[in-house]
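Trainee: Residue numbers (this note's numbering), protein chains in the order written: chain G, 428 to 627; chain B, 447 to 663. Let me give you the structure first, and then I'll get to my questions.
Given below as structure tokens:
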């Protein structure tokens with residue numbers, strides 16, 4: 428039996444400031460290749476500076492993705508300007524990739540009931556990465572989501588699975604994400620086979 | 447038991463996405479998604495060639511909630527709202543085997559001339575792109591009236607200014623099996639546990655939809 432879904436209860440905006448405990452648990456959901464320093468946040472989390480923590484955490488997530496981009500060489504391409512006989516090699520201007528949706532997904536809390544408008548933000552967030560064919564970044568996101576799957580609400584899990592599914596075959600962590608999602612849904616007493624029908 | 451509720455019926459508070467069907471003229475039916483976002487409902491439908499419309503739903507369609515659990519209804523409503531908020535340009539065509547949604551990003555592909563969707567296959571394509579299989583499309587057959595219907599729509603497309611290349615490509619294709627609006631509506635409205643629906647079952651569901659609408663099958 429599915430839990431009744433209320434589109435007008437807790438919104439993502441509300442969950443953003445919902446408290447520091449979820450932020451700390453998210454901090455333990457390390458993005459591969461990036462070192463969180465949970466202790467950096469602990470004292471202030473206990474003091475209730477959740478907005479500061481959110482901003483800082485989002486900045487760290489963005490930084491990690493920027494760093495991954497550099498390391499992967501996805502943006503290592505350069506363009507060459509010729510001035511006379513000289514070649515000036517300049518870094519290609521990179522387009523910003525929105526990853527705040529990933530943070531929101533990990534921080535909203537398992538009991539959140541995101542609205543359709545909230546869920547649409549996730550769809551747009553996924554699309555913003557996929558539209559640039561940054562599959563390696565999406566894999567990083569999936570790895571992080573898989574680790575933090577227990578913190579993600581059912582509505583968000585399902586919309587992420589559905590919106591990422593068209594490129595699932597390109598992603599290294601797609602299957603492991605689905606497996607984690609299925610386990611999380613099962614643990615909640617939900618019909619994972621029905622919720623993820625066509626994907627697993 | 448009815449499948450579709452009449453126009454003007456209050457949409458259920460526990461649902462988030464429906465299929466709607468209307469008969470704008472005798473024998474010609476049209477369908478689309480009705481979805482709830484915020485405090486209102488909107489209608490996303492492929493009106494015609496490169497004419498995907500997202501409008502405030504005015505309650506004039508027969509409707510049924512999609513046969514999905516509430517979490518997948520919410521997910522699909524979010525996906526549909528994202529398509530609606532974009533600038534998707536969807537060509538009209540009858541070849542459902544042709545892909546128009548990019549598997550890489552769920553967006554609409556720049557498809558070659560001749561490939562496109564109808565109002566009914568638009569619904570199926572959105573669902574299929576995101577892992578839902580309401581129909582077993584391989585079981586659909588070409589019926590004698592399909593070619594006549596396609597010829598009429600090709601004429602409309604010409605009138606609407608579709609490119610010569612697109613019209614020519616559509617004409618050159620053999621008649622495709624037609625997914626009629628009432629068939630698609632009937633299929634997606636039943637519980638997803640019964641998906642994918644075979645052609646024969648779809649015919650029975652379509653007959654029920656038409657009966658609900660007071661139309662002789």
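We treat Cβ as the ideally placed atom computed from N, Cα and C, and that holds for glycine.
Out of 596/G, 626/G and 571/G, point me to the one whose CA is closest to residue 534/G's CA.
Mentor: Looking at the Cα atoms, 571/G is the closest of the given residues.
Trainee: Between residue 543/G and residue 483/B, how many whole angstroms is the CB-CB distance? I'm expecting something under 8 Å.
Mentor: The pair is a contact, with the Cβ atoms about 5 Å apart (cut-off 8 Å).
Trainee: Are the CB atoms of residue 509/B and residue 451/B nearer to each other than 8 Å?
Mentor: In this structure, residue 451/B lies closer than 8 Å to residue 509/B by Cβ.
Trainee: Could you give the residue range of the beta strand (DSSP E) that holds residue 497/B?
Mentor: It spans 497–502 - the beta strand (DSSP E) in which residue 497/B sits, taken as one unbroken run.
Trainee: Shorter than 8 Å from the beta carbon of residue 608/G to some beta carbon of chain B?
Mentor: Not one chain B Cβ lies under 8 Å of residue 608/G.
Trainee: Can you list, in chain order, the residues of the stretch 589–623 of chain B whose Cβ is nearer than 8 Å to any Cβ on chain G?
Mentor: Taking 8 Å as the Cβ-Cβ cut-off against chain G, none of the residues of the stretch 589–623 of chain B qualify.
Trainee: If you draw a straight line from the C-alpha of residue 505/B to the C-alpha of residue 455/B, how long is it?
Mentor: Residue 505/B and residue 455/B: Cα-Cα distance of roughly 8 Å.
Trainee: Which residues in chain G have a C-beta closer than 8 Å to the C-beta of residue 669/B? List them in chain order.
Mentor: Chain B is shown from 447 up to 663; residue 669/B falls before or after that span and cannot be answered.
Trainee: Could you pull the start and end residues of the alpha helix (DSSP H) that residue 601/G belongs to?
Mentor: Its alpha helix (DSSP H) spans residues 601–614.
Trainee: Starting from the Cα of residue 596/B, find the closest Cα among 535/B, 500/B, 474/B and 459/B and give me that residue.
Mentor: Out of 535/B, 500/B, 474/B and 459/B, 474/B has the C-alpha closest to the C-alpha of residue 596/B.
Trainee: Compute the distance between the beta-carbons of residue 644/B and residue 585/B, then report whether it is under 8 Å.
Mentor: Yes, the Cβ-Cβ distance between residue 644/B and residue 585/B is below 8 Å.
Trainee: Measure the C-alpha to C-alpha separation of residue 661/B and residue 545/G and round it to an integer number of angstroms.
Mentor: Those two C-alpha atoms are separated by around 40 Å.
Trainee: Against chain G, does residue 582/B count as a neighbour if the rule is that its beta carbon must be under 8 Å from one of theirs?
Mentor: No, its Cβ sits nowhere closer than 8 Å to a Cβ of chain G.
Trainee: Quick check on the burial criterion: 16 or more other C-beta atoms within 10 angstroms. Buried or exposed for residue 516/B?
Mentor: With 16 or more Cβ atoms within 10 Å of its Cβ, residue 516/B is classed as buried.
Trainee: Using a Cβ-Cβ cutoff of 7 Å, what residues of the stretch 486–520 of chain B are near chain G? List them in chain order.
Mentor: Result list: 515, 516, 517, 518 and 520.
Trainee: Listing by chain order, which chain B residues have their CB less than 9 Å from the CB of residue 585/G?
Mentor: Those within 9 Å of residue 585/G in chain B are 515, 517, 518, 520 and 521.
Trainee: Confirm, please, whether the CB-CB distance from residue 494/B to residue 566/B is below 8 Å.
Mentor: Cβ distance not < 8 Å, so residue 566/B and residue 494/B don't count as in contact.
Trainee: Report the neighbours of residue 578/B on chain G: residues whose CB is nearer than 8 Å to its CB, in chain order.
Mentor: Residues of chain G passing the Cβ test: 624 and 625.
Trainee: Alpha carbons only, please: which of 558/B, 560/B, 547/B and 592/B is nearest the one belonging to residue 558/G?
Mentor: Among 558/B, 560/B, 547/B and 592/B, the Cα nearest to that of residue 558/G belongs to 547/B.
Trainee: In three-state DSSP terms, what is residue 465/B?
Mentor: Here residue 465/B sits in strand by DSSP.
Trainee: Under 9 Å between beta-carbons, which chain G residues line up against residue 451/B? List them in chain order, please.
Mentor: None at all; the shortest Cβ gap to chain G is about 20 Å.
Trainee: Starting from residue 509/B, follow the beta strand (DSSP E) in both directions and report where the run begins and ends.
Mentor: Residues 508–511.
Trainee: Of the residues 477/B, 459/B, 472/B and 466/B, which one's Cα is nearest the Cα of residue 398/B?
Mentor: A question about residue 398/B goes unanswered here, because the residues of chain B that appear run from 447 up to 663.
Trainee: Can you tell me where the alpha helix (DSSP H) holding residue 519/B begins and where it ends?
Mentor: Run containing residue 519/B: 516–531, per the alpha helix (DSSP H) assignment.
Trainee: Could you check if residue 573/G belongs to the surroundings of the ligand COA, using beta carbon to heavy atom distance under 7 Å?
Mentor: Among the components modelled here there is no ligand, and therefore nothing to report on the ligand COA.
Trainee: Check the C-beta distance from residue 462/B over to residue 481/B and give it rounded, since I have them as a contact under 8 Å.
Mentor: The pair is a contact, with the Cβ atoms about 7 Å apart (cut-off 8 Å).
Trainee: Use the C-beta contact count for residue 606/B: other C-beta atoms within 10 angstroms, 16 or more gives buried, fewer gives exposed.
Mentor: Exposed.
Trainee: Report the rounded CA-to-CA distance for residue 502/B versus residue 549/G, giving the unit in angstroms.
Mentor: Those two C-alpha atoms are separated by around 23 Å.
Trainee: Let me check one thing: in DSSP terms, what residues is residue 479/B bridge-paired to?
Mentor: Partner(s): 465/B and 490/B.
Trainee: Counting pairs of beta carbons, one from the stretch 579–591 of chain G and one from the stretch 519–531 of chain B, are three or more of them closer than 8 Å?
Mentor: They touch, by the three-pair rule.
Trainee: Between which two residues does the alpha helix (DSSP H) harbouring residue 645/B extend?
Mentor: Taken as a continuous stretch (DSSP letters only), the alpha helix (DSSP H) holding residue 645/B covers 645–658.
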